[in-house]
Structure formats: structure tokens, C-alpha cells
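Chains as they are written, first to last, in the numbering used here: chain A, 90 to 375; chain B, 90 to 375. Note sheet for the following structure.
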């Protein structure tokens with residue numbers, strides 16, 4: 090093949106890979122003209138699935154440093170850098186955190202458990218040292234800033250980890266008992282865990298694949314938000330996701346799952362008192 | 090060169106690229122042994138900087154579809170998918186949103202402005218159709234779920250955009266006037282804007298580079314959180330970031346900036362009433 094022929098073959102292979110990635114993500118054909126371009130980063134992201142079983146292989150300090158460098162490279166509101174991360178490897182501490190997070194076995198079994206925290210303690214120390222006020226921390230906006238900053242950073246870390254062959258899963262369960270998690274990790278006032286993240290090298294025996302998501306038209310709106318068309322899109326999703334649940338021997342119905350999960354305070358595994366917990370940990374959320 | 094020699098040269102080039110990326114991010118030498126491995130995704134993330142000036146080139150629908158596919162591929166708590174995104178291209182709507190976001194010129198000038206929203210309206214519609222309760226939405230936990238879900242998705246979209254040669258910047262300013270933003274975008278009750286995102290092809294004339302972040306030791310903790318050592322790390326950061334500010338003709342002092350930004354309600358550009366705004370938009374945040 091000459092150079093032009095080779096380039097045509099590569100483009101065609103990329104288009105095919107993109108179409109397959111779309112189908113795996115949505116369980117439907119890619120829209121016409123998709124994609125304009127394709128690359129390794131898009132391929133990596135689209136094939137994401139949570140990993141909860143790991144090989145007995147440590148995550149090195151150098152690898153952790155790379156993940157945190159990726160995390161710190163994410164955007165942060167006004168460069169405030171309102172987050173920190175606590176890396177837990179100690180088996181007993183992981184066991185205690187696993188219990189606090191609803192007895193999730195993978196928290197104990199992952200070689201590395203990261204707790205991502207919203208962090209105002211660093212700024213409080215700066216403020217005290219400069220005899221300056223830091224009253225903005227008392228507002229709900231501070232909670233949003235901390236949650237968003239932590240999430241942007243953590244998502245970069247997870248994608249970075251996946252690019253290095255690791256896998257992982259977010260653990261919202263650390264919000265079940267925020268004060269006990271804070272005590273375990275020696276968090277000072279003004280610091281609260283937002284979520285955890287299990288990381289390790291995937292055990293291929295787990296055999297999970299990407300979970301289908303809602304049709305893109307349900308979440309992507311043009312110029313203004315449209316609710317009514319989502320009814321039909323959710324119905325078609327319900328069918329597709331049930332095929333997936335069947336293949337994974339999981340109980341069916343996305344609608345059933347989300348309605349059960351959000352029914353009321355009793356379905357929040359302790360998180361109906363999250364606001365009180367944040368207040369106890371130094372966030373007034375006014 | 091034979092294959093082994095070639096591989097040694099590649100590894101050495103990767104190690105050098107990694108060391109340069111670390112130095113650009115932290116303005117200090119990379120730790121010994123860094124990195125264990127290096128790749129294009131890490132390189133892309135570490136060189137991130139916000140882009141606020143754009144070439145006059147549209148972002149195609151196919152590209153937008155790829156970004157949203159990447160966003161939907163991010164983790165979402167319990168697969169609840171509690172976010173949506175409104176893509177705004179209309180010049181007059183961008184102008185109005187720009188004004189609401191504190192007259193940020195790049196909101197108007199970006200060819201594509203995305204508003205990332207925490208979305209419970211989709212589930213509310215499902216709940217009403219099934220005559221089922223959705224009381225968990227009344228809790229602060231629902232706000233955390235929505236903010237985190239939206240941020241994980243949006244960060245994937247931004248990295249995906251950067252992998253395709255685009256650049257962008259998060260716009261927290263849409264929280265200055267949440268009700269007006271909701272009216273502009275026809276958001277139903279249970280949907281609230283978390284942040285915006287300007288996207289476009291970078292104008293090289295902007296000439297910005299990556300902003301240094303806090304030393305990694307300030308944000309990465311092992312086993313338990315440590316506050317006291319951060320005092321010295323912040324002091325060394327203050328020096329490094331001032332060198333950066335000088336090079337960009339920006340006013341100096343990270344400490345001065347963050348203390349000004351978080352001093353009190355008057356420094357929150359309207360966001361001291363964010364809690365009331367969320368309540369008006371259907372989030373009780375109990």
C-alpha cells in the first residue's frame with residue numbers, strides 16, 4: 090500500500106472502532122456521520138466500566154503520583170484547589186472503611202483505596218495565619234465548590250489509571266457515615282469525604298462489560314431543555330438495559346432500580362442525614 | 090537501530106516527556122522514579138490549561154456527540170444518570186448567558202457553550218408515571234449526587250474535547266443567577282445549572298500555559314490527613330505561582346487571591362444565595 094491507501098485503511102478502521110464503541114455504550118447504531126474524528130483517549134473513555142475485582146498486584150507510588158498529577162491538572166474553580174485525597178493501603182484501615190461504606194468487599198480487596206475530600210482546612214490555616222476572614226466557607230456554594238473540585242480531579246485520576254491498565258470504581262458509600270470516616274482519616278474541621286475510589290489491576294475473571302447509558306438524546310439538549318421527549322427515550326432505554334442486566338444475571342428494570350434507590354430517606358443508606366454530618370464537620374451550607 | 094535499541098530510545102523519550110510535564114505542572118523536579126509508565130492520555134491531562142480565546146471555527150455536531158458519549162461513559166452513582174447538558178450556539182442566548190455569568194466575554198465568543206445541569210426532572214417524570222415516591226430528592230445528598238454526576242461527566246467531555254484539539258474553560262458564573270439561567274434554558278423544576286463550559290478551537294494568540302498547582306504533598310495524604318505540613322508547602326507554592334503570575338502579567342499572590350475570593354458573602358458574586366436558588370428550583374437540600 091502507498092501512503093494514501095494506508096491512511097484510508099486507518100481512517101476506515103478508526104470509523105469502525107468508533108461505531109463499535111458507540112454501539113457498546115448505547116446498544117444502538119451510531120448516528121450518521123459519527124465520528125468526525127476518533128482517537129485512543131475517546132476509545133478509552135467510551136469503554137469505561139467499573140472494576141470491583143483485582144489481581145494481587147500493588148499500585149506503585151510512582152503510579153499514584155501520576156494519577157494525582159493528572160488529578161491536580163484538572164480545572165479547579167478560581168485555582169482554589171479545594172480538595173485533597175487520602176491514599177489508604179493499610180488492610181485494617183481498608184477493612185474499617187469497607188464496613189463504614191456498607192460492607193463493600195472491593196474496598197477491602199482493592200490494593201489502593203482513595204478517599205477524595207472537599208478541603209477547606211488548607212485555606213482556613215492560611216486565613217488564620219493572615220488573620221483574614223474566610224466566611225464564604227459557611228455557604229452552600231462552598232459545598233458545591235468542594236464537591237465539583239473533588240469530582241473533576243477524581244475523574245481525571247480514574248481515566249489516567251485506566252490509561253495505565255488499572256481499573257476502579259467510585260464509592261459513594263463513604264457518605265453513609267461521614268463523621269466516622271473523618272475520624273478514621275484524621276480529617277480536621279473543614280474537610281469532608283465526598284466519595285471513595287477503589288483502584289487496582291483488573292481481574293479478568295470479573296467479566297464485566299460497559300453498561301449501556303440512556304440514549305444521548307435524553308441528556309443532550311439544544312438551546313433549551315426538553316423534558317417531554319425523554320419519556321419515550323427512557324422507555325426504549327428500559328428495554329436495552331434489561332438485555333444487559335439479563336446478560337449479567339442481574340435483576341431487571343432501570344426504572345425499578347432508580348425508583349427504589351430514590352424512594353425516600355430509608356433508601357439513602359444513612360445519607361438522609363448528610364447535611365447534619367457536613368455541618369458537624371464544619372460546613373454550614375447556608 | 091535494532092528493536093531493543095529503539096525501545097530503549099522510546100522509553101528514554103517518554104521518561105523525558107514525563108519529567109518535563111511534571112515540571113510544567115508543578116514548577117519543580119519530578120520525584121525520583123517518576124514515572125513508572127507514561128502515555129498520551131497522561132500527557133494530554135498534565136498539559137491542561139483553560140482556553141478563553143477561540144478561532145472562528147464551529148464545533149461540529151459529530152464532535153459534540155463524541156464529547157457527550159465520553160461524558161455519558163463516566164461513572165454515575167448507581168447508574169442514576171442525574172445530569173443533562175444544554176448545548177448553546179445561538180449568539181443572542183450566549184450573550185444573555187454571558188451577562189448572567191458576570192459578563193465573561195468568552196461565553197459569548199466561544200462557538201459552543203455547554204451548561205451542565207443536575208437533573209432530577211427525568212426521574213420525577215418516571216416517578217409520576219409510575220405513581221411512585223421520589224422523596225430522596227429532598228435531601229442534601231441529592232444535591233451532592235447531582236453535582237458529582239455532572240462534574241464527572243463534564244470532565245470526561247473536556248478531556249475528550251482536548252484530545253480532539255479543542256480547548257475550553259469551566260464557567261462557575263452560571264451559579265450567580267441560577268433562576269435566570271433556568272428561565273433562559275427552560276429548565277423544569279428539579280433541574281439546576283451546576284456550571285457552564287466554553288468550548289472551541291484555541292486561538293494560539295491567547296498564549297497561555299499550564300498554571301502551576303500546589304506541591305503534590307499538599308493534596309496527597311497517606312493513610313491519614315496531615316494539615317500542619319501544608320503550611321510550608323503553601324509558602325513554597327506562593328513563590329512558584331508568583332513567578333507564573335509575573336510571566337502572565339497577572340497580579341501576584343495565590344494567598345491574596347484565595348483570601349479575597351473566599352472572604353465572605355460579598356465576594357461570592359451572588360452565590361451566597363445559592364441555597365435559596367436551589368430551593369426555588371426544586372431542591373430542598375434537607
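Even for Gly, the Cβ is constructed at its ideal location relative to N, Cα and C.
Determine, for residue i, whether the minimum Cβ-Cβ distance to residues of chain B falls below 8 Å.
i, result
"residue 228 of chain A", "yes"
"residue 314 of chain A", "yes"
"residue 329 of chain A", "no"
"residue 295 of chain A", "no"
"residue 320 of chain A", "yes"
"residue 190 of chain A", "no"
"residue 303 of chain A", "yes"
"residue 137 of chain A", "yes"
"residue 185 of chain A", "no"
Is residue i near residue j, with beta carbons less than 8 Å apart?
i, j, result
"residue 225 of chain B", "residue 353 of chain A", "yes"
"residue 206 of chain B", "residue 276 of chain B", "yes"
"residue 293 of chain A", "residue 140 of chain A", "no"
"residue 313 of chain A", "residue 175 of chain B", "yes"
"residue 164 of chain B", "residue 208 of chain B", "no"
"residue 260 of chain B", "residue 196 of chain B", "yes"
"residue 222 of chain A", "residue 371 of chain A", "no"
"residue 114 of chain B", "residue 170 of chain A", "no"
"residue 148 of chain A", "residue 201 of chain A", "yes"
"residue 358 of chain A", "residue 232 of chain A", "no"
"residue 229 of chain B", "residue 362 of chain B", "no"
"residue 269 of chain B", "residue 138 of chain B", "no"
"residue 326 of chain A", "residue 309 of chain A", "no"
"residue 289 of chain A", "residue 189 of chain A", "no"
For residue i, decide whether its Cβ has a neighbour in chain A, counting only Cβ atoms nearer than 8 Å.
i, result
"residue 120 of chain B", "yes"
"residue 284 of chain B", "yes"
"residue 376 of chain B", "No answer is possible for residue 376 of chain B: it lies beyond the span of chain B, which begins at 90 and ends at 375."
"residue 236 of chain B", "yes"
"residue 339 of chain B", "no"
"residue 289 of chain B", "no"
"residue 252 of chain B", "yes"
"residue 128 of chain B", "yes"
"residue 168 of chain B", "yes"
"residue 265 of chain B", "no"
"residue 375 of chain B", "yes"
"residue 215 of chain B", "yes"
"residue 244 of chain B", "yes"
"residue 241 of chain B", "yes"
"residue 116 of chain B", "no"
"residue 201 of chain B", "no"
Closer than 7 Å to a non-hydrogen atom of the ligand HEM - does that hold for the CB of residue i?
i, result
"residue 345 of chain B", "In terms of ligand content, the structure shown is empty, and the ligand HEM therefore cannot be addressed."
May I have the straight-line CA-CA distance separating residue i from residue j, to the nearest angstrom?
i, j, result
"residue 146 of chain A", "residue 180 of chain A", "14 Å"
"residue 307 of chain B", "residue 157 of chain B", "33 Å"
"residue 99 of chain A", "residue 127 of chain A", "11 Å"
"residue 159 of chain A", "residue 220 of chain B", "45 Å"
"residue 110 of chain A", "residue 134 of chain A", "10 Å"
"residue 105 of chain A", "residue 203 of chain B", "28 Å"
"residue 367 of chain B", "residue 235 of chain B", "12 Å"
"residue 249 of chain A", "residue 344 of chain B", "30 Å"
"residue 318 of chain B", "residue 214 of chain A", "11 Å"
"residue 240 of chain A", "residue 93 of chain A", "43 Å"
"residue 210 of chain B", "residue 331 of chain B", "45 Å"
"residue 136 of chain A", "residue 107 of chain A", "11 Å"
"residue 103 of chain B", "residue 132 of chain B", "10 Å"
"residue 340 of chain B", "residue 334 of chain B", "6 Å"
"residue 194 of chain A", "residue 287 of chain A", "10 Å"
"residue 191 of chain A", "residue 265 of chain A", "8 Å"
At 7 Å on the CB atoms, spell out the chain B contacts of residue i, in chain order.
i, result
"residue 179 of chain A", "312"
"residue 124 of chain A", "151 and 155"
"residue 164 of chain A", "139 and 259"
Please list, in chain order, the chain B residues whose beta carbon lies closer than 8 Å to that of residue i.
i, result
"residue 109 of chain A", "Going along chain B, no residue has its Cβ under 8 Å from residue 109 of chain A, so there is no contact; the nearest lies around 12 Å."
"residue 100 of chain A", "Here the premise fails: no neighbours, minimum Cβ distance about 14 Å."
"residue 277 of chain A", "314 and 316"
"residue 84 of chain A", "Because chain A spans 90 through 375 in this model, residue 84 of chain A falls outside it and cannot be assessed."
"residue 197 of chain A", "Neighbours of residue 197 of chain A on chain B: none; closest Cβ ~15 Å, over 8 Å."
In this structure, what does DSSP give as the bridge partners for residue i?
i, result
"residue 205 of chain A", "A/174 and A/284"
"residue 143 of chain A", "A/291"
"residue 256 of chain B", "B/289"
"residue 361 of chain A", "Answer is none; residue 361 of chain A lacks a bridge partner."
"residue 309 of chain A", "B/174"
Going along chain A in order, which residues have a C-beta closer than 9 Å to the C-beta of residue i?
i, result
"residue 222 of chain B", "348, 351, 352 and 353"
Since residue i meets chain A, which of its residues come closer than 8 Å, beta carbon to beta carbon?
i, result
"residue 140 of chain B", "By Cβ distance, chain A contributes nothing, its closest Cβ being about 11 Å from residue 140 of chain B, past 8 Å."
I want to verify the contact list: residues of chain B whose CB lies under 9 Å from the CB of residue i, in sequence order.
i, result
"residue 193 of chain A", "Simply none; closest approach about 13 Å."
Who are the neighbours of residue i on chain A, taking C-beta pairs under 7 Å?
i, result
"residue 356 of chain B", "225"
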